[in-house]
Amino acid sequence: MSDISEFSPGVDVVFLATAHEVSHDLAPQFLEAGCVVFDLSGAFRVNDAAFYEKYYGFTHQYPELLEQAAYGLAEWCGNKLKEANLIAVPGCYPTASTAGAETVD
């Protein structure tokens, strides 16, 4: 997909279930088109550009989006999610681990 403009008119929300590098390249385009982006890859989960070079093997080109991205575990950061345009959906391990740690009233 080289030009998302043909797909983005009338689209409010996009779910990216792609490789880290693909989401890294597509998310900024959809955000610029005014879409809310839920990214299921790890491309925006960690707020440290050096992390991506070290652990994922690519240079992150959008450190400003790392600052902007909300870590999408609603039980822990629900208020930030309400305002977010870029949601970095956590993987299954952190979701299962932290959900079990949530206090039950």
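For the sequence shown, the UniProt record's numbering assigns the number 1 to the initial residue and increments by one for each residue that follows. Every residue gets a Cβ at the ideal spot worked out from N, C-alpha and C, and that includes glycine.
* Cβ distance (whole Å) where I4 is taken to contact L26 below 8 Å -> 7 Å
* To do: Report the residue from G34, K80, H60 whose alpha carbon sits nearest the alpha carbon of H20.
  => H60
* Asked: By how many angstroms is the C-alpha of G42 removed from the C-alpha of V14?
  -> 16 Å
* Could you have a look at Y93 and say whether DSSP puts it in helix, strand or coil? => helix
* To do: Pull up the distance between the alpha-carbon of W76 and that of K54, whole angstroms please.
  => 27 Å
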